[in-house]
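Q: Order-wise, the sequence lines are chains U and F.
With numbering that gives the first Met the number 0, letter number 130 in the first sequence gets 129, and the count goes up by one each step, no holes.
With numbering that gives the first Met the number 0, letter number 379 in the second sequence gets 378, and the count goes up by one each step, no holes.
2 protein chains.
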Amino acid sequence: MYITQALHRSARQTPDAPATIFGDRVRTWAQSADRVARLAAGLHGLGVAEGDRVAILALNSDRYHEFLMAVPWAGAVVTPMNIRWNPTEIAYALTDSGASVLFVDDAFAATLPALRAACPALTTVIHCGDGPTPDGALSHEDLVATHDPAPDAYRNGDDLAGIFYTGGTTGHPKGVMLSHANLLVSAMGTGATAGGFVVPDGRFLHAAPMFHLAAIAAWVARGIVGGTHVIVPMFTPPAVAEAIERHAVTEVLLVPTMLQMLVAHLEDEPADLGGVRHVVYGASPISEALLARAEKHFPSAGFTQAYEMTELAPVATVLTPDDHADPTLRRSAGRAVTSAEVRIVDADDVEVPRGTVGEVVVRGGSVMLGYWNRPEETAAALRGGWMHTGDAGRMDERGYVFIVDRLKDMIVTGGENVYSAEVENVLAAHPAVAACAVIGVPDDEWGERVHAVVVLAPGATATPDELRDHCAARIAGYKCPRSVDFTDALPVSPAGKVLKRDLRAPYWASADRGVH
Amino acid sequence: MYITQALHRSARQTPDAPATIFGDRVRTWAQSADRVARLAAGLHGLGVAEGDRVAILALNSDRYHEFLMAVPWAGAVVTPMNIRWNPTEIAYALTDSGASVLFVDDAFAATLPALRAACPALTTVIHCGDGPTPDGALSHEDLVATHDPAPDAYRNGDDLAGIFYTGGTTGHPKGVMLSHANLLVSAMGTGATAGGFVVPDGRFLHAAPMFHLAAIAAWVARGIVGGTHVIVPMFTPPAVAEAIERHAVTEVLLVPTMLQMLVAHLEDEPADLGGVRHVVYGASPISEALLARAEKHFPSAGFTQAYEMTELAPVATVLTPDDHADPTLRRSAGRAVTSAEVRIVDADDVEVPRGTVGEVVVRGGSVMLGYWNRPEETAAALRGGWMHTGDAGRMDERGYVFIVDRLKDMIVTGGENVYSAEVENVLAAHPAVAACAVIGVPDDEWGERVHAVVVLAPGATATPDELRDHCAARIAGYKCPRSVDFTDALPVSPAGKVLKRDLRAPYWASADRGVH
Chain U
0 MYITQALHRS ARQTPDAPAT IFGDRVRTWA QSADRVARLA AGLHGLGVAE GDRVAILALN
60 SDRYHEFLMA VPWAGAVVTP MNIRWNPTEI AYALTDSGAS VLFVDDAFAA TLPALRAACP
120 ALTTVIHCGD GPTPDGALSH EDLVATHDPA PDAYRNGDDL AGIFYTGGTT GHPKGVMLSH
180 ANLLVSAMGT GATAGGFVVP DGRFLHAAPM FHLAAIAAWV ARGIVGGTHV IVPMFTPPAV
240 AEAIERHAVT EVLLVPTMLQ MLVAHLEDEP ADLGGVRHVV YGASPISEAL LARAEKHFPS
300 AGFTQAYEMT ELAPVATVLT PDDHADPTLR RSAGRAVTSA EVRIVDADDV EVPRGTVGEV
360 VVRGGSVMLG YWNRPEETAA ALRGGWMHTG DAGRMDERGY VFIVDRLKDM IVTGGENVYS
420 AEVENVLAAH PAVAACAVIG VPDDEWGERV HAVVVLAPGA TATPDELRDH CAARIAGYKC
480 PRSVDFTDAL PVSPAGKVLK RDLRAPYWAS ADRGVH
Chain F
0 MYITQALHRS ARQTPDAPAT IFGDRVRTWA QSADRVARLA AGLHGLGVAE GDRVAILALN
60 SDRYHEFLMA VPWAGAVVTP MNIRWNPTEI AYALTDSGAS VLFVDDAFAA TLPALRAACP
120 ALTTVIHCGD GPTPDGALSH EDLVATHDPA PDAYRNGDDL AGIFYTGGTT GHPKGVMLSH
180 ANLLVSAMGT GATAGGFVVP DGRFLHAAPM FHLAAIAAWV ARGIVGGTHV IVPMFTPPAV
240 AEAIERHAVT EVLLVPTMLQ MLVAHLEDEP ADLGGVRHVV YGASPISEAL LARAEKHFPS
300 AGFTQAYEMT ELAPVATVLT PDDHADPTLR RSAGRAVTSA EVRIVDADDV EVPRGTVGEV
360 VVRGGSVMLG YWNRPEETAA ALRGGWMHTG DAGRMDERGY VFIVDRLKDM IVTGGENVYS
420 AEVENVLAAH PAVAACAVIG VPDDEWGERV HAVVVLAPGA TATPDELRDH CAARIAGYKC
480 PRSVDFTDAL PVSPAGKVLK RDLRAPYWAS ADRGVH
C-alpha cells in the first residue's frame with residue numbers, strides 16, 4: 000500500500016473531477032497526476048534518490064499537495080517543516096533530517112539566507128510560491144514544465160514515507176518516522192470506524208497547516224476515498240467561511256482555537272455552512288459551550304473528536320457524532336478506531352482495571368517506525384510493542400477513554416504541543432533566572448497557555464517582558480511564556496523534583512482539563 | 000496490524016454483545032476472547048510453534064471462528080481445507096502445507112482414516128464438532144476447558160496469516176500465502192470505499208463455506224468494525240431465511256447460485272428479510288432477471304458485487320449499490336476499491352488504451368505474499384509488482400472494469416473455480432480417452448458448468464456416465480464434467496494448441512459472460 004495510490008485511483012476513475020481547488024486555480028485529477036509525475040522527474044534530475052529526505056516550508060497550497068505526492072512518487076521521503084518555528088529550530092530539523100532539497104513559498108522566502116547559512120547540507124531550494132523566484136532557487140513550475148512524467152517509484156508498505164518533527168521532551172525536536180502503511184492504516188482504519196469522517200466524492204477543506212500530521216491525515220483520508228482537496232493558505236475565519244460556501248465543502252478539520260475564532264466571526268457575519276457534513280476537531284480541549292455554539296453554525300454536520308499523536312499516524316481513538324449525543328461522553332476522547340488497540344497500563348506496563356487511571360498505550364499498524372536516528376528514545380517509547388503516549392487516562396466498561404492528565408510534561412496551546420523542558424532550558428539560560436518551571440494553565444482563547452514560574456538569582460532583576468523577549472529570540476513564539484509569576488522558591492519533592500502538580504493546582508481547580 | 004485486533008477491540012468495547020450466534024448457542028465477545036486465548040494455550044501445549052500451519056476441515060460453526068482467531072493468537076498459520084474436495088485432494092493440500100495439526104468436525108470425521116493414511120506428518124487431530132470425539136482425536140472443548148489463557152503472539156503486518164488452497168493451472172492445488180496486512184488491507188480498503196458493505200454493530204450471516212476466502216474476508220470485515228457473526232453450518236435456503244429473520248441479520252454474502260436457490264425458496268415460502276442492508280455477491284455471473292427477483296425479497300438491501308481472487312485477499316473491484324442503479328453498469332465488475340490499483344495491460348505488461356481488452360492486473364497492499372513453496376509460479380504471477388489475474392477485461396473512461404474472458408483456462412461453477420487442466424489430466428488417464436478438452440458453458444443453475452469434449456481412442460467406447468464416475472473417484476464432484484460431447488477431432492491451432500475459444504463459441508454466442 001502506498002500513498003500515491005490515491006492519485007492513481009482518482010486519475011483513473013475521475014480524471015476530470017477537481018483534485019485541488021486553491022483560490023481560483025482548479026486542477027483535475029488527470030492534471031494533478033501529470034504534474035506530480037513531471038515534478039518527480041524534476042526531483043530525479045536534481046539528484047534526489049531513493050530514500051532521500053525532501054523538506055518543505057510553506058503555507059498551504061495546491062503545490063503542497065503536489066509536493067506530498069511527488070516526493071514519494073520519486074522514491075523519496077517527505078519532511079515538512081513547522082511553519083511556526085523560528086529559523087534556528089527549522090535549521091535544527093533540516094540538519095537532523097539530512098535533507099538537501101527544500102521547497103519554500105513566498106511567505107518563507109525571507110528565511111532562506113538564515114537557513115542556508117545554518118545548513119551547509121542544503122544545496123537546492125525549490126520555490127513553490129506564486130511570486131518571483133528567489134535568487135538561487137529553482138521554480139516548482141519550471142520543474143513541472145521542463146520534465147517528462149516519471150513512473151511511480153512505488154515505495155510502499157513499511158518503507159519510510161515521511162519524517163514529521165515534534166517537540167522533544169529533552170529540549171530538541173524529534174523526527175517521527177512514519178511508513179506508507181502507517182499513514183494508510185490510520186486513514187483506512189478511521190474511515191472504516193463507525194462515523195468515519197469523509198463522505199464519498201466529498202470536498203475536504205484544508206485550513207489547518209498542512210505540515211501538521213492531523214492535516215496530512217485528513218489529506219490521506221480524503222485522497223483514498225476520492226473527491227477534492229479545497230485548500231486555503233492558512234486559517235482565517237473569513238477565508239474558511241468563504242471557501243466552505245463557495246466550494247461546497249463537506250468536511251473540515253479545525254482545532255478548538257480555530258473553531259472558536261470561526262464561530263465568533265460567524266456570529267458577526269453569518270454564512271451558509273449547511274453543506275458541511277463532518278467537523279473534525281482535536282488537539283486541545285473543547286468546552287460544552289463552544290460545541291453548542293458551533294453546532295448552530297454547522298446545522299448538517301456531525302462532530303468527530305479525534306485523539307491523535309504524530310507517533311500514531313495519528314489517530315488512536317475517536318468520539319463519533321453518535322457519541323456526542325450522550326452528554327456523559329462529551330469529556331471522553333472516544334474509543335479505539337478499527338486500526339488501533341488501546342490499553343491503560345500501570346508503571347510496569349500491566350493493564351489496570353477499568354476506571355483506574357494509568358498511561359494510555361496503543362498498538363497496531365499505525366504505530367510509527369521510530370524516531371529518526373534516536374534508537375534509545377524509540378526503544379523507550381515502543382517498549383513491549385506498545386506506543387507509550389505519555390498521557391494519563393482511564394477507560395470505562397465500554398472502552399471509552401478519558402484523558403485526565405499528561406505524564407509527559409507537555410502543554411497544548413492553540414493546537415500546538417509545547418514541551419516544558421524546551422522552554423525551561425531557554426529560560427534558565429537567562430542570567431537573572433536561578434530556577435524556573437513552565438506549566439500549562441487554562442486559557443479561554445488558546446485552550447492552555449504557556450506559563451512560567453521563575454525564581455530570580457540573588458540580587459538580579461528581570462521583567463516578564465524581558466524574559467519573553469529572551470525566549471522569542473531563541474524559540475517559536477507559541478512556545479514563549481504568555482504569563483510569568485515570580486516566586487522565592489519552587490515546591491520540590493523530597494527527591495528534589497519540582498512538584499508541577501502543586502504549581503498547576505490553583506489554576507485548574509475550577510477548569511475542565513478535557514482532552515488534548 | 001493483526002487479525003486478532005478485532006477480538007481485542009470488541010472484547011474491550013462491547014464485552015457483553017454477542018460475538019457469535021450459532022443455532023441456540025450465543026457467545027459474547029468477552030467469552031469469545033477468553034475461549035480463544037485458552038484454545039491458543041492448548042495449541043501451544045500440543046507443540047504448535049511460531050509459523051506452524053494448523054489446518055481445518057469443517058462446516059461453518061462458532062468454533063470455526065475460534066479456530067480462525069486462536070491459530071494466529073498462538074502464533075501459527077491458518078490452513079483451511081476445501082470441504083468439497085475428496086480425501087486425495089485434501090491429503091495433497093495437507094501434505095503440501097506441512098500441517099501436523101488438523102481440526103475436523105462431525106461432518107468430516109469419517110475421512111480421518113484416509114487422511115491419516117495419506118498424511119504421515121499429520122500427528123494431531125482436534126475434534127470441533129458437537130458429536131462424540133472420534134478415536135485418537137482431542138476435543139476442542141477439552142482444550143478450552145483445561146488451559147489458562149495464553150497472551151496474544153501478536154503476529155502482524157507482513158507475517159504469514161494463512162495458506163489458502165486454490166485450484167492450480169498445472170493440475171495441482173496451490174497454496175496462496177496471505178499476510179495479516181493482506182487480509183486487513185482488503186477489508187479496510189473495501190470498507191472505506193463508497194458503499195462499504197458492513198454497517199456499524201451489524202450482524203453478518205456466514206452461509207458461504209468459511210474455508211473460502213470470500214467468507215473469511217467477510218468475517219474479517221465484520222470483525223474489525225465490531226458486531227456479530229451469525230453462522231449456519233452450510234448454505235440451505237430454509238436455514239438462511241430462518242437465520243436472517245430470527246437473528247436480525249444485516250448483511251449476507253451469497254454466490255449467485257445460492258441467491259437463485261434462496262429466491263426460489265422465498266417465492267414458495269416468504270420470509271421477512273427487511274433487516275438486511277447489504278447483499279454481497281460475486282464469484283460467478285448474475286443475470287438481470289435474478290437481480291430483479293432478489294431485489295424484491297431484500298427490500299432494504301443494497302447489492303454489492305465484489306470481483307475477488309484469493310491472491311488479492313480477495314477484493315479488487317466492487318460494483319456499489321449506487322452503481323447498480325445504472326443499467327449500463329450491471330455487467331461491470333465495478334471499480335477499484337480504495338486498497339487496490341487496477342490496470343488493463345497487453346502481453347508486454349504495457350497499459351492499453353481505455354476500452355481495449357487486455358489482462359486485468361492489480362497492485363496494492365492486499366496482493367498475496369506468494370504461492371507456498373512455489374517461487375517460480377509466484378514470480379510469474381507477480382511479475383513487475385502486479386498480480387496477473389488471468390482475466391481478460393476492459394476499462395471504461397471512468398475506471399469501470401468489464402471482464403470479458405479468462406486468459407487462464409478456468410471455469411467458475413456454483414462459486415467454485417475449476418481449472419480445466421486438472422480435469423483434463425484426470426479424464427486423459429481413462430484408457431478410452433485419446434484426447435479431451437474441458438470448457439465452461441453457460442448454465443442457468445451453476446452460472447457455468449464443466450463440459451468435456453472427448454475424442455475416444457480407436458476402437459474404444461465410453462459413456463458420459465463412465466467418464467464422470469472415473470473423474471468422481473479422483474477429484475471433487477464439482478470439478479467433474481456435468482456434460483460430455485464426443486467428437487472425432489479437437490480444433491487445433493497451427494502450433495497444435497487446442498482452440499478452446501472455438502469449442503466455447505457456440506455455447507456463449509447468445510449468453511452474457513458477465514463476471515466471475
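We treat Cβ as the ideally placed atom computed from N, Cα and C, and that holds for glycine.
Looking at the unbroken beta strand (DSSP E) that takes in H228(U), where does it start and where does it end?
A: T227 to I230
Q: Got a sec? Which residues, its chain only, sit under 8 angstroms from E250(U) by beta carbon, not counting five neighbours each side?
A: F196, V197, V198, G201, R202, F203, L204, A217, R221, V275, R276, H277, V278 and V279
Q: Alpha carbon to alpha carbon, how far is E375(F) from G174(F)?
A: 13 angstroms
Q: I believe S331(F) touches G188(F) by the beta-carbon criterion, under 8 angstroms. Please report the beta-carbon distance rounded to the nearest angstrom.
A: Wrong, their Cβ atoms sit about 19 angstroms apart, outside the cutoff.
Q: Contact criterion: CB-CB distance below 7 angstroms. Does Q259(F) meet it with respect to chain U?
A: no
Q: Along chain F, in chain order, which residues have C-beta atoms closer than 9 angstroms to that of H357(U)?
A: The residue you asked about is not His; residue 357(U) is Gly in the sequence shown. Chain F residues near G357(U): none, gap ~14 angstroms exceeds 9 angstroms.
Q: Under three-state DSSP, which class holds A526(U)?
A: Within the shown structure, residues of chain U are numbered from 0 to 515, placing residue 526(U) beyond reach of any answer.
Q: Under a three-way DSSP split, which group does N424(F) fall into?
A: DSSP, read as helix, strand or coil, puts N424(F) in helix.
Q: Short of 8 angstroms in beta carbon distance, which residues of its chain neighbour I89(U), apart from the five on each side in sequence? Order them along the chain.
A: L56, M80, N81, T110 and L114
Q: Between which two residues does the beta strand (DSSP E) harbouring S178(U) extend?
A: Per DSSP, S178(U) belongs to the beta strand (DSSP E) from K173 to S178.
Q: Take D51(F) and list the residues in its own chain whose beta-carbon comes closer than 6 angstroms to its own, dropping the five residues that flank it on each side.
A: A75
Q: Along chain U, in chain order, which residues have C-beta atoms closer than 8 angstroms to that of G384(F)?
A: Y153
Q: Between which two residues does the alpha helix (DSSP H) containing L289(U) stretch?
A: E287 to H296
Q: Look up F102(U) in the DSSP assignment and say whether it is helix, strand or coil.
A: strand
Q: Can you tell me whether DSSP reads M68(U) as helix, strand or coil?
A: Looking at M68(U) - three-state DSSP - the assignment turns out to be helix.
Q: First and last residue of the beta strand (DSSP E) that includes I410(U)?
A: M409 to T412
Q: Please state whether the Cβ-Cβ distance between S338(U) and V491(U) is less than 7 angstroms.
A: no
Q: Can a CB atom of chain U be found closer than 7 angstroms to the CB of G513(F)?
A: The predicted position of G513(F) is uncertain, since its pLDDT is 38 and thus under 50; no value can be drawn from it.
Q: Within the 7 angstroms Cβ cut-off, does G174(F) reach chain U?
A: no
Q: Can you give me the C-alpha to C-alpha distance between T3(F) and I223(F), rounded to a whole angstrom?
A: 9 angstroms
Q: Could you check what DSSP says for G22(U) in three-state terms: helix, strand or coil?
A: coil
Q: What are the complete alpha helix (DSSP H) segments, minimum 4 residues, inside the region 22 to 53 of chain U?
A: 28 to 44
Q: Need the endpoints of the beta strand (DSSP E) that T78(F) sits in, please.
A: Bounds of the beta strand (DSSP E) holding T78(F) are V76 to P79.
Q: For a cutoff of 7 angstroms on Cβ pairs, would you count Q4(U) as touching chain F?
A: yes
Q: Measuring CA to CA, which of F107(U), G135(U) and V143(U) is closest to G128(U)?
A: F107(U)
Q: The region 184 to 213 of chain F: which residues have C-beta closer than 8 angstroms to a C-beta of chain U, in chain order?
A: Listed in sequence order: V184, A186, M187, G188, G190, A191, T192, A193, G194, G195, P199 and D200.
Q: Who pairs with V400(U) in a beta bridge, going by DSSP?
A: G333(U) and M394(U)
Q: Would you please verify whether the beta carbon of R8(U) is less than 7 angstroms from any beta carbon of chain F?
A: Contact with chain F is found for R8(U), since one of that chain's Cβ atoms lies less than 7 angstroms from the residue's Cβ.
Q: Taking its Cβ as the centre, do 16 or more other Cβ atoms sit within 10 Å of A427(U), making it buried, or is it exposed?
A: exposed
Q: Who are the neighbours of T249(F) on chain U, taking C-beta pairs under 7 angstroms?
A: Simply none; closest approach about 13 angstroms.
Q: Helix, strand or coil for E465(U) per DSSP?
A: helix
Q: What's the C-alpha gap between M260(U) and P236(U)?
A: 6 angstroms
Q: Strictly under 7 angstroms for the Cβ-Cβ distance: is T337(F) near chain U by that measure?
A: yes
Q: Assuming the contact rule is C-beta atoms closer than 8 angstroms, A461(F) and H429(F) should be a hit. Round their C-beta distance to whole Å, please.
A: Their Cβ separation, rounded to whole angstroms, is 7 angstroms, which keeps A461(F) and H429(F) in contact under 8 angstroms.
Q: Which one or two residues does DSSP pair with L318(F) in a beta bridge?
A: L318(F) is bridged to Q304(F).
Q: Taking 7 angstroms as the cut-off, decide whether the C-beta atoms of I438(F) and R481(F) are in contact.
A: no
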